[in-house]
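Numbering (UniProt numbering), first residue to last: 1 to 63. Cβ coordinates follow ideal geometry from the N, Cα and C atoms, glycine included.
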């Protein structure tokens, strides 16, 4: 994980028994999936532009 994690969630990927839990970690523009305590998959989120009104709201919240 390159950046600081911004979110962590556990979930079940399997539909058959026994179901083993997986962990998703959001960091930067990526979501890392860990299964059985090992890296399993990495999703890269597409870049998106920030709405000007949202940018203004964040700058006001920063003050």
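When the five nearest sequence neighbours on each side are left out, the beta carbons in the same chain lying within less than 6 Å of the beta carbon of residue 7 are those of 26, in order along the chain. Assigned with DSSP and collapsed to three states, residue 10 falls in strand. Cβ neighbours of residue 36 within its own chain (closer than 7 Å, five residues either side excluded): 20. Of the residues 15, 45 and 31, the one whose Cα lies closest to the Cα of residue 39 is 31. Our two residues, residue 53 and residue 18, have alpha carbons roughly 47 Å apart in a direct line.
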